[in-house]
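Remarks on the structure that follows.
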Amino acid sequence: MAQTVIVVGGQWGDEGKGKIVDFLAEKADLVIRYAGGNNAGHTVVVDEKKYKFHLIPSGIIHGKLNVIGNGTVIDPDVLISEIEQLEKMGIQVDESKLVVSSSAHTILQKHKDEDNPEKNPLSKKIGTTGRGIGPCYRDKIARKGIRLGEYVEKENIERLKPLIKDTCYIINEAIDSGKKVLFEGAQGTLLDIDHGTYPFVTSSNPTAGGALTGTGVGPTKIDSVIGVFKAYTTRVGGGPFPTELGTEEETNREGRWEDIVKDYDVILKEALEKANEGDEYYQGKYMRLMGKEYGTTTGRPRRTGWFDGVAGRYAVMINGMTSMAITKLDVLTGLKRIKICVAYEIDGKTTDRFILNTDRLYDVKPVYEELPGWDEDISEARSFDELPENAKNYLKRLEEICGAKISLISVGPRRDQTIVVDDRDLF
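For the sequence shown, the positions run 1 to 427 when UniProt numbering is used.
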């Protein structure tokens, strides 16, 4: 069993980290957000009630102490708004439940204006959320940003003053006293500013290394790193996507969730029929519909594709993942054949290494391994043995390809729809 656990996204974000963090947070004493800003979105479902988080760690609903670390960037208005929304839902938010690093940087109005996709062609190309995250990080690196502690004092923001603390001491003292500490990642490995598909990346380090620099905790104090992966792959915005089914343009033409929900059942049935006839676009569309792949923060439809084992191996290596959590396995139910990318072809050669040159990543052709799918409803499975044989074989193959064991499997959005396979990396 672990005392300190980092949860990190293994793909391009939206992997279901919020649910995994929520599951683990029940036994944690502290839950810490270490990177990013309100460009990230987590959705947690408890007792049929849906909670959406953008800044505050999703551990807040457990009544534990939640920390927003120094590696984040904070829009004070958004933070206050999120606090007020949670309080309206009956969740207490005071300094016994939430503290924010005085060293986190402040997103100002000028940052949001500059990041507006309608005014900034680069923001539109990359697919930024337009919330000022990138410009704020740029000013931080250029040493002309404003730390939140200074800003709150200067602007006399009474609502936030009691929450501003030197959080590195709080976190390290908690670890040293034996408390269980959970580090909550945002976005994903392939969006990391250093290790992702640059420039189609975020402006921070969502990888496990970012959990250290974003909190002030040393590497020897970390027990386990759990990488969260969907059973397939998704991406929002621009950038290369080797296993994409259909095109980005086709996905964007589908519209947002509210545009299709009234005819959902009819559209889903058509997508499954055509997917099982071998139509790649409809295979991707079926995953999008089944997984309700529409952004928590932006509402945009996500691009979908098969599981990329090459990228998975890379993410395991970069983060030093000790295990994987596989989410949305239930989304694949109904597909007759399921593919996994096991290698790339480029320039007439085959490689099992992720291509770090983003321009060249557009040129790769995925090499697929095909496995039989399953029709059984797995949403009520509560152990690995209760899964269909083909689902178990699929998961075992993911372990072999990525080089890491699976500790958790999610078969639905609810907290109880979680299977513990191996608890050695858990609290």
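Here a beta-carbon is modelled for each residue, glycine too, at the ideal position from N, C-alpha and C.
Classification of residue i by the beta-carbon crowding that lies within 10 angstroms, buried from 16 upward
| i | result |
| --- | --- |
| residue 349 | exposed |
| residue 184 | buried |
| residue 420 | exposed |
| residue 252 | exposed |
| residue 82 | buried |
| residue 360 | exposed |
| residue 328 | buried |
| residue 33 | buried |
| residue 357 | exposed |
| residue 166 | exposed |
| residue 219 | exposed |
| residue 394 | buried |
| residue 413 | buried |
| residue 288 | buried |
| residue 51 | buried |
| residue 139 | buried |
| residue 235 | buried |
| residue 249 | exposed |
| residue 293 | buried |
| residue 339 | buried |
| residue 89 | exposed |
| residue 261 | exposed |
Proximity below 7 Å, CB of residue i to CB of residue j
| i | j | result |
| --- | --- | --- |
| residue 104 | residue 148 | yes |
| residue 10 | residue 44 | no |
| residue 100 | residue 61 | no |
| residue 106 | residue 74 | yes |
| residue 209 | residue 316 | no |
| residue 342 | residue 380 | no |
| residue 371 | residue 378 | no |
| residue 365 | residue 15 | no |
| residue 222 | residue 72 | no |
| residue 70 | residue 98 | no |
| residue 271 | residue 264 | no |
| residue 93 | residue 64 | no |
| residue 319 | residue 196 | no |
| residue 367 | residue 345 | yes |
| residue 461 | residue 424 | The structure shown does not extend to residue 461, since the chain spans only 1 to 427, so no value can be given for it. |
| residue 79 | residue 55 | yes |
| residue 373 | residue 335 | yes |
| residue 2 | residue 203 | no |
| residue 87 | residue 163 | no |
| residue 410 | residue 418 | yes |
| residue 311 | residue 6 | no |
| residue 172 | residue 35 | no |
Where residue i sits in the DSSP three-state scheme
| i | result |
| --- | --- |
| residue 100 | strand |
| residue 384 | helix |
| residue 234 | strand |
| residue 376 | coil |
| residue 170 | helix |
| residue 397 | helix |
| residue 198 | coil |
| residue 162 | helix |
| residue 317 | helix |
| residue 337 | strand |
| residue 332 | helix |
| residue 389 | helix |
| residue 133 | helix |
| residue 362 | coil |
| residue 189 | helix |
| residue 108 | coil |
| residue 175 | helix |
| residue 118 | coil |
| residue 95 | coil |
| residue 356 | coil |
| residue 371 | strand |
| residue 141 | helix |
| residue 349 | strand |
| residue 152 | helix |
| residue 426 | coil |
Original post:
Are the stretch 227-241 and the stretch 189-200 in contact at 8 Å, needing three or more beta carbon pairs?
Top reply: yes
Original post:
If we count Cβ pairs, one from each stretch, closer than 8 Å, do we get three or more for the stretch 292-307 versus the stretch 241-260?
Top reply: Cβ pair count under 8 Å is three or more, so yes.
**OP:** Entirely within the stretch 200-230 and at least 3 residues each: give me those beta strand (DSSP E) ranges in chain order.
**Re:** 224-230
Original post:
Of all the beta strand (DSSP E) runs that stay within the bounds of the stretch 238-312, which reach a length of 3 or more residues?
Top reply: 303-305
**OP:** Give a yes or no on contact between the stretch 154-161 and the stretch 132-139, applying the rule of three or more CB pairs nearer than 8 Å.
**Re:** no
Original post:
Which parts of the stretch 4-82 are runs of the alpha helix (DSSP H), unbroken and 4 residues or longer, counting only runs that do not cross its ends?
Top reply: Counting only runs that start and end inside the stretch 4-82, the alpha helix (DSSP H) elements of at least 4 residues fall at 17-25.
Original post:
Pairing CB atoms from the stretch 272-281 with CB atoms from the stretch 211-220, are three or more of them under 8 Å?
Top reply: These segments do not touch.
Original post:
Are the stretch 344-362 and the stretch 319-336 in contact at 8 Å, needing three or more beta carbon pairs?
Top reply: no
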